[in-house]
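See below for the structure under consideration.
Numbering (our numbering), first residue to last: 4 to 687.
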């Protein structure tokens, strides 16, 4: 009988592995360096390091940003577009949108397009906005277009996007069937089948990006599957989606756009679990790895999520956590720009990595500065499995920062953190203040390999009352994947004003949507499922462009539903209107609950660390290097206060508590760091 659940999360620097022993309710974790030349190789190698037969694994949950990286690095497949005749420039025009940051930059050059105009073909056929067929689909033209794109232009994938397909998907479904019949090996994506929304450009962009990464992700997941199966694995395989649930490998291969923020979503899913289990209503989750920092807000016990995101200048219509990603991590490189010190966004990554890793890196990074300031225990990096050289960190800082700026070593290391923390805190403040939120009313949950490292300094800069560090912080995103359930989302356009007639029709629409989605999920999972079903309606005042997501329940009365939307609008934007509102679309979310670890699950210790030892670090409160204690996390006594400064270490991370902070541990093993120089708004 299978007794283990496995989660593997690939980051830019490390592969995080967490194993849940179902029989003994025990968690085991370890890290391995990422294999940038072939990410699948690192995953398969990690499975071979588990210490038990892969045949004993029941479920494997994977988090990867491979699809996102393929878009950012322009390493996807060559894509063609088939659309309506006369509308072949929809994707290239892209509403003429320019990000605010570049709005007044007259020499701004947008990133290169993913699809060349010569690879966009229009065909006959048209639906109107009510879903009525104005002109039949020209099937012969569809097949001819596919032939021209695939055989003549060499496109490996095709995106199909027709005008008003949100009102009637028949033409897109027919086109897909014709293309697959003619070219079974050709990857095809359709806009309205991925995002049943009314905006043609955003829908086309979603289909294009899905098609662009589909061959890449399909090949990658196939190699992961075959590599694991060669070792004897025969369990179920899942990929995290961008909104915190898990998809089967088949679902992920069919709709890879749903996985573009797969890795960070695992951390938010874990943060949400912690927030709810510990009664913390307002939480800022901060996931800091070697390459980037991902921040997300949990407000009143619910994550901030959106149904539209952007990758560079390309919109995607998918349910997704509202993540803010910054180029701020342990591997962020410090560099000089016209006598100014800058940190990131370029990262040393896994190869060569920070200079202190001894793998050939010569440029100073945040990790090197942390070594110099005593924030990292060089004798216990990654549980002692990896050597970290203090002298190499010193050399890198002296040659790349100290000498060009003419400053001493300690000042250079402090300045690296000053620049990084200031920039990061400003971005987080902007994220919170644009929603009218006060950082003083939130707990920060810090995790990732560098979350505990940066957390106390960010806490001081943001004047937040509490910093929470969960158990296994360095692999917490992988832990969050194990704590996730199987999920599936689908939507349908509505575009009707809110009145009693609309609400009555919406009940029937919801029933049909739930039935259709449950059948699709059952087919993909390969077994009968009885999911929990919930609905969200996307609503706006008539005349508005963008929408708000409002919970919908069968039997909702129009007046109550409109009042709920109006209150949400007031809370979010500080005002509301007395005008009519309309429902743009209805989304269903299906959840199949799985067996998972909880906060009380025991954690296996891979190494034995000394309980305490003398140490020396830079105390932010004192503004100087000070003598303090170095304490193993396992030696911390629950409910006992530990005033800073001190360094807390575990197998994968270091937590430097400063002189104005006090640490304590709760019954779950959660570390709470509180500022002593400020009253806690959380206790008000």
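A virtual CB, placed ideally from N, CA and C, is assigned to each residue, including glycine.
No experiment lies behind these values; they were computed from the predicted model shown.
Local Cβ density within 10 Å of residue i, reported as buried at 16 or more and exposed below that
i	result
residue 55	exposed
residue 259	buried
residue 12	buried
residue 596	exposed
residue 464	buried
residue 109	exposed
residue 638	exposed
residue 562	exposed
residue 531	exposed
residue 604	buried
residue 52	exposed
residue 687	Caution is warranted here: a pLDDT of 45 is assigned to residue 687, below 50, making its placement in the model unreliable, and the coordinate value is therefore given only provisionally. Exposed, since its Cβ has fewer than 16 Cβ neighbours within 10 Å.
residue 522	exposed
residue 137	exposed
residue 229	exposed
residue 10	buried
residue 27	exposed
residue 615	exposed
residue 643	exposed
Of the listed residues the options, nearest to residue i (C-alpha basis)
i	options	result
residue 654	629, 479, 594 and 132	479
residue 409	20, 523 and 339	339
residue 37	176, 46 and 406	46
residue 471	519, 664, 78 and 599	664
residue 187	310, 417 and 149	149
residue 166	574, 63 and 134	134
residue 618	421, 631, 17 and 624	631
residue 462	324, 680, 172 and 295	680
residue 418	594, 524 and 623	623
residue 43	265, 227, 332 and 379	227
residue 163	141, 357 and 195	195
residue 352	332, 342 and 345	332
residue 215	69, 542 and 48	69
residue 546	678, 528 and 583	583
residue 274	326, 313, 223 and 312	326
residue 457	473, 424 and 489	424
residue 534	407, 489 and 268	489
residue 574	620, 438, 499 and 507	438
Beta-carbon spacing of residue i, residue j below 8 Å
i	j	result
residue 693	residue 641	Here the chain comprises residues numbered 4 to 687, so residue 693 is not present and cannot be evaluated.
residue 477	residue 656	yes
residue 89	residue 122	no
residue 319	residue 366	no
residue 277	residue 299	no
residue 415	residue 405	yes
residue 285	residue 155	no
residue 449	residue 289	yes
residue 35	residue 21	no
residue 97	residue 594	no
residue 234	residue 158	no
residue 659	residue 459	yes
residue 151	residue 190	no
residue 193	residue 130	no
residue 219	residue 118	no
residue 19	residue 481	yes
residue 265	residue 243	yes
Inter-residue CB distance, residue i and residue j (contact presumed, cutoff 8 Å)
i	j	result
residue 430	residue 329	6 Å
residue 15	residue 292	6 Å
residue 491	residue 520	6 Å
residue 400	residue 428	About 23 Å separates the two Cβ atoms, so there is no contact after all.
residue 555	residue 589	7 Å
residue 557	residue 551	Residue 557 to residue 551, Cβ: 20 Å. No contact.
residue 1	residue 541	Nothing can be reported for residue 1, as the shown portion of the chain is limited to 4 through 687.
residue 50	residue 236	7 Å
Span of the beta strand (DSSP E), counted from its first residue to its last, around residue i
i	result
residue 616	615-622
residue 83	82-87
residue 8	7-13
residue 348	343-350
residue 332	Where residue 332 is concerned, there is no enclosing beta strand (DSSP E), given that its DSSP letter is neither H nor E.
residue 500	489-500
residue 676	674-678
Residue range of the unbroken alpha helix (DSSP H) whose run includes residue i
i	result
residue 370	369-375
residue 393	393-400
residue 730	Nothing can be reported for residue 730, as the shown portion of the chain is limited to 4 through 687.
residue 2	Residue coverage of the chain in this structure runs from 4 to 687, which leaves residue 2 outside it and unanswerable.
residue 427	412-436
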